[in-house]
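For the sequence shown, the working numbering assigns the number 741 to the initial residue and increments by one for each residue that follows.
Step one of this worksheet: look at the structure below.
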Amino acid sequence: MTIEVLSSQSFEHLREQADRAKLKATLREKLDAALEGYEVQEVLFTAFVMQ
């Protein structure tokens, strides 16, 4: 599911910090829904490389 969300994003869409923040929020929501009984508190990127 995470790879599906990430691969659906375009380079242009993720160039801005605000857009990456939206991506983190989307990932958090989808992970919360998938992990019933658990709550994802934060999504962290240790490195963000695009080609």
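Where is the CB? At the ideal position from N, CA and C, for every residue including glycine.
Note that the coordinates shown come from a computational prediction; the quantities given were computed from them, not determined experimentally.
Residue i - DSSP class collapsed to helix/strand/coil
i    : result
E782 : coil
S748 : coil
Q757 : helix
E776 : coil
Beta-carbon proximity list for residue i, same chain, < 7 Å, skipping 5 on both sides
i    : result
T766 : V745
E779 : D772
F751 : M790
Rounded Cβ spacing between residue i and residue j (contact assumed at less than 8 Å)
i    : j    : result
Q781 : L763 : At roughly 16 Å, the Cβ-Cβ gap does not stay under 8 Å, so Q781 and L763 are not in contact.
Own chain residues within Cβ distance below 8 Å of residue i, not counting five before or after
i    : result
F785 : R760, K764
A774 : M741
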